[in-house]
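Asker: I have a structure I would like to understand better, so I am pasting it below and will then ask my questions one at a time.
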Amino acid sequence: MKRETAWLSQENSPLDVARLPAIASMVKWMSRTPVGTAESPVLPWTSEMDTMMKLRTAFSVWMAITIVGGGFSPSIGQIPETRPVDGLRDHTPATFAYVGARLIVAPGQIIPDGTIVVRDRIIWKIGPRREIQLPPGTRVLDGKGKTIYPAFLDAYDAVEATDLTTGQPYWNRHVQPQRRMAAQFTVDRKRQEALRRAGIAARLIVPKSGVVQGTSVLVATTDDPLVLEPDVALHMRLTVERGRGSDEYPGSPMGAVALARQACYDAQWYAEAWKVYRADPRVGRPETNDALAALGRWLNQDGLVIFDCPNERYVLRADRFAREFGIRAAFLGSGREYRRLEAVARTGRPVIVPLAFPKPPDVGTPQAAREATLQALMHWHLAPENPARLTQAGVKLAVTTWGIEPDELRSRVRQAVERGWDADAALEALTIGAARILGVDRQVGSLEPGKLANLLVTDGNWFDKETRLLETWVAGQRYRWEKKPAWDPRGQWKLTSARGTWWLNVEGKLEHLRGSISRTRRPHSDSEDDTRLSLAKISFAGDRLALAFDGRPWDYEGVVSISLLGVQKSKEDVEATGTIVWPGGRATVRAVRAEETTSEAREAKRRKSEEDQESTGKDELENAAEKSSPPSLPPLEVPVNYPLGAFGRTAPPPQPDWVLFRGATVWTCGPDGTLPE
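And the structure:
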């Protein structure tokens, strides 16, 4: 590979080479003329003391070189902790290596047979397997058949934030640039786990309310709080929240823009006033205002400001606002940017795209179909193409799960890819592209030495529907997900043993199963026993189904337990074997799915299907159409008009060179005065 020369490790880091001249000078100084010679006459009893001072000085110089040169860098090695350790300290290096895996270093950079070494929280080495020498004590993990991606970054996750009333705030509570989510966020373990299961290792936590909302924090999705970057961006929303009412200023989008502009001009004045005061204290000391001081630090390209844009018009409004104050801006999109694609692209600013695509409009009844507007139908069709259209227009993108559940991320990205989004572009928006937009690409976003060990381990291409997510590594912490069960215990089973034939019914979610057991599948006469017993206990773990029920109604003196281990013999054929244990005995049991046991069962199923077809009144043609797969249709080309909907245009109408008004009164507001008719 042409990129193989880029693989680095901590052993051959340029920081180590840079320390060599200083170390050589220190050694030369240590070996110069000894103390007490004619060139350096001193009292005899001072020689030993002078030597000790030299040794101490040399040690201090060596420590300074080590620290400055990178030997003690928080970004290289284990992240230091400030909390006192409860119990014994453990400084044992934890080194892991995935060997023989397919490594996606970054979009478009692939090592087919590679090795990645993780030490403590950091990626230590990465490269082709034959070129990587493992450090002593490395725990080797088999990477055969596995694909390792950089774990994803969720570029926007808004949470409720507390209004700051202490210190010196702004006069309007909707302007709180001094509010820092780094000081307010708490770990939501349920949310963190859901994000990890989706392959997300870092999330940007954003304050949810306000016009000037405050600053966001980038955190790792660990169960313990781990801040990666405390103040990533300032967040603004140039409108008011829906349903808030108009009894408080601002009460409209126009008022929100006016308030934000006034706050920015106040911040500029505040900075200039303090600059003048520091130059000449005789002019009078300005008042202290925490909000204006914080806001001033984000103006004039000094930091990233992310504008929450509820629709495509707010993107253009936010761009004009940012240009007025020299702000380096990015936009949280709405999914409707395709409506003004050229104008959005001309801003030259990145967009954080949501994947909350609209649901299909309800057209199930004639009345609902009449109420469904053409605009709603067009947006439903075009929204999944929004990421692809933005990418093709040259807009830099990041992805957010805002508006969807984390476990929907993969299906939504796959839907956008099916509608034209390039897979590498999608991966870039999830990883290094998002990191660059947020300014954290030195820590996360790709698999490179020195970056946090944020890994996503799969058994294939992440974009394939059948691929399983096996592990997520977050800052070197390994989270393994349970394997897909080898068989599904739900359904009706026929249990055969020396004690006779029983019928087992299992239903519910795999985590919370329930069921019952009986001696007959269904009674054919009043003389047959139809006693159905509810299961007192049922669990499914490690591909083994365990259940228990009270056997006294069947003349067993106590609890009867059954344990079954299933084997998937084919796609639809499952067989389970195990044991039945009752007070005073045990027996071997075999279980097969009831619907596949006998020809009589299949015949009963067929008769029931015919009865259902008769009762619903469906004819043979409709029934066949329902069971057949939908035909493959060509993609529907829907041009984007403006405004979107029934009355829009795909291009401006022809414009005349001259326009003539007849019979009108013209107020020239000039020397000609008013011209009647």
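What the sequence shown shows, in the numbering used here, is residues 3 to 679, in sequence order. Ideal Cβ placement from N, Cα and C applies to all residues, glycine included. Given the structure is predicted, the values throughout are model-derived calculations rather than measurements.
1. Which complete beta strand (DSSP E) runs does the region 178-251 hold, if anything under 3 residues is left out?
2. So, is residue 239 buried or exposed, given that buried needs 16 or more other C-beta atoms within 10 angstroms?
3. In angstroms with no decimal places, state the Cα-to-Cα distance between residue 225 and residue 408.
4. Would you kindly work out how many angstroms separate the C-alpha atoms of residue 663 and residue 669, rounded to a whole number?
5. Would residue 448 be called buried (16 or more neighbouring beta carbons within 10 Å of its own) or exposed?
6. Assuming residue 476 contacts residue 203 (C-beta within less than 8 Å), just tell me the rounded distance between them.
7. Roughly how many angstroms lie between the CA atoms of residue 117 and residue 639, to the nearest whole one?
8. Pick out the complete alpha helix (DSSP H) segments inside the region 358-421, 4 residues or longer, and give them in chain order.
9. Have a look at residue 101 and residue 143 and give me their C-alpha separation to the nearest angstrom.
10. Between the Cα of residue 421 and those of 391, 439, 450, spot the shortest distance and give me the residue it belongs to.
11. Does the Cβ of residue 496 have 16 or more other Cβ atoms within 10 Å, making it buried, or fewer, making it exposed?
12. Alpha carbon to alpha carbon, how far is residue 645 from residue 359? Give it in angstroms, no decimals.
13. With distances taken from CA atoms, which of 154, 563, 558 is nearest residue 549?
14. Who are the near neighbours of residue 589 in its chain, counting only those whose CB is closer than 8 Å to its CB and skipping five residues on each side?
15. Can you give, in chain order, each stretch of the beta strand (DSSP E) that sits fully within the region 494-577 and has at least 3 residues?
16. Should residue 337 go down as buried or exposed, given a rule of 16 or more other Cβ atoms within 10 Å for buried?
17. State buried or exposed for residue 274, treating a residue as buried only when at least 16 other CB atoms are found within 10 Å of its CB.
18. Quick one: Cα of residue 543 to Cα of residue 472, how far?
19. Enumerate in chain order the residues of its own chain whose CB-to-CB distance from residue 137 is below 8 Å, with the five nearest sequence positions on each side excluded.
20. Under the three-state reduction of DSSP, which class applies to residue 677: helix, strand or coil?
21. For residue 272, count neighbouring C-beta atoms within 10 Å of its own C-beta (all shown protein chains included) and say buried if the count is 16 or more, exposed if not.
22. Tell me whether residue 173, by its Cβ, gets closer than 6 Å to a heavy atom of the ligand ADP.
23. Under 8 Å, with one C-beta from each stretch per pair, do the region 382-398 and the region 410-425 reach the 3-pair mark?
24. From 557, 310, 269, pick the residue whose C-alpha is nearest to that of residue 355; which is it?
25. Going by beta carbon distance, what residues of the same chain come within less than 8 Å of residue 131, once the five residues before and after it are set aside?
26. Does DSSP put residue 343 in a helix, a strand or coil?
27. For residue 661, which three-state DSSP category applies?
28. Who pairs with residue 118 in a beta bridge, going by DSSP?
29. Along the chain, where does the beta strand (DSSP E) that runs through residue 157 open and close?
30. For chain C, check one thing: does any of its Cβ atoms lie closer than 7 Å to the Cβ of residue 580?
31. Is it right to say residue 488 is buried, meaning 16 or more other beta carbons lie within 10 angstroms of its own, or is it exposed?
32. Look up residue 134 in the DSSP assignment and say whether it is helix, strand or coil.
33. Taking the straight line between their C-alpha atoms, what separation do you get for residue 430 and residue 442?
34. In the DSSP assignment, find the alpha helix (DSSP H) that holds residue 316 and state where it starts and stops.
35. Please work out which residues of its chain come closer than 6 Å, Cβ to Cβ, to residue 624, disregarding the five sequence neighbours upstream and downstream, and give them in chain order.
36. Quick check on the burial criterion: 16 or more other C-beta atoms within 10 angstroms. Buried or exposed for residue 514?
Answerer: Taking the structure as given:
1. For the region 178-251, whole beta strand (DSSP E) runs of length 3 or above, ordered along the chain, are 202-209, 214-217, 219-222, 229-231, 235-238.
2. Buried, because 16 or more other Cβ atoms sit within 10 Å of the Cβ of residue 239.
3. Using only the alpha carbons, I get a separation of about 16 Å.
4. The C-alpha of residue 669 is placed about 13 Å away from the C-alpha of residue 663.
5. Its Cβ being crowded by 16 or more others within 10 Å, residue 448 is buried.
6. Right, their Cβ atoms sit about 4 Å apart.
7. Spanning the two alpha carbons is a distance of roughly 45 Å.
8. You should have 368-373, 376-384, 388-394, 411-420.
9. Rounded to whole angstroms, residue 101 to residue 143 spans 6 Å at the Cα level.
10. When each option's Cα is compared against that of residue 421, the closest is 391.
11. Residue 496 should be labelled buried.
12. Residue 645 has its alpha-carbon roughly 20 Å from the corresponding atom of residue 359.
13. For the residues 154, 563, 558, the minimum Cα distance to residue 549 belongs to 563.
14. The answer, listed in chain order, is 499, 500, 501, 581, 582.
15. Listed in chain order, they are 502-511, 514-520, 534-536, 539-543, 546-552, 561-570.
16. By the 10 Å Cβ count, residue 337 comes out buried.
17. Here residue 274 is exposed, its C-beta having fewer than 16 other C-beta atoms within 10 Å.
18. Straight-line Cα distance between these residues: approximately 17 Å.
19. Closer than 8 Å at the Cβ level, and outside the excluded window around residue 137, lie 97, 119, 121, 126.
20. Residue 677 falls in the strand class under three-state DSSP.
21. Answer is buried; the Cβ neighbour count reaches 16.
22. Although the ligand ADP was asked about, the structure shown includes no ligands whatsoever.
23. The region 410-425 and the region 382-398 touch, with three or more beta-carbon pairs separated by less than 8 Å.
24. Comparing alpha-carbon positions, the option among 557, 310, 269 lying closest to residue 355 turns out to be 310.
25. Once the five neighbours on either side are set aside, the close Cβ partners of residue 131 are 101, 102, 115, 116, 117.
26. Correct three-state label for residue 343: helix.
27. Coil, per DSSP.
28. Beta-bridge partners of residue 118 (DSSP): 100, 128.
29. Segment 154-161, the beta strand (DSSP E) holding residue 157.
30. Of the chains in the structure shown, none is chain C; there is only one protein chain.
31. By the 10 Å Cβ count, residue 488 comes out exposed.
32. Coil at residue 134, not helix or strand.
33. Roughly 14 Å between the two C-alpha positions.
34. Following the DSSP letters along the chain, one finds residue 316 inside the alpha helix (DSSP H) bounded by residues 314-327.
35. Low confidence applies to residue 624: its pLDDT is 41, below 50, so where it sits in the model is not reliable, and the reading given next is rough at best. Answer for residue 624: no residue qualifies.
36. Of the other Cβ atoms in all chains shown, fewer than 16 fall within 10 Å of the Cβ of residue 514; this residue is therefore exposed.
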